[in-house]
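Presented below is the structure to which this report refers.
Quick look at the structure:
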């Protein structure tokens, strides 16, 4: 898709920023970087929400409120996650966050996690 996007831009400005507007793109950052480089384009930056998404938790006045905190991670999905995807993403996550990788391997499948059909069908 990189080639299609660049065609629409014509000659990209040297100040090209690539925005990942969904968190799942972040795990493939290296592939995006290679795709742009293979076409002779070096973006100024990749705007990846994964890098800053929870920064607000570590700023005053939220820090230092408790002597000790316990962090737990759960993965709950409305759709079944294929084992090969769990393995692929889990391998990547293991280096970054073993606790999150473990949560993914033991995810909870909840097909009724939230209502969505009425918003798509126009009913309700």
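Residue numbers (the numbering used here): 92 to 215. Where is the CB? At the ideal position from N, CA and C, for every residue including glycine.
In the DSSP assignment, what are the bridge partners of residue 167?
199
Pick out the complete beta strand (DSSP E) segments inside the stretch 113-169, 3 residues or longer, and give them in chain order.
136-138
Below 8 Å between beta carbons: does that hold for residue 139 and residue 155?
At the C-beta level, residue 139 and residue 155 stay beyond 8 Å of one another.
Could you give the first and the last residue of the continuous alpha helix (DSSP H) run that contains residue 188?
Run containing residue 188: none; DSSP gives neither H nor E here.
Just to confirm before moving on: does the CB-CB distance between residue 93 and residue 127 stay below 8 Å?
yes
Out of 198, 114, 113 and 133, state which residue places its alpha-carbon closest to the alpha-carbon of residue 106.
133
Roughly how many angstroms separate the alpha carbons of residue 196 and residue 101, rounded to a whole number?
43 Å
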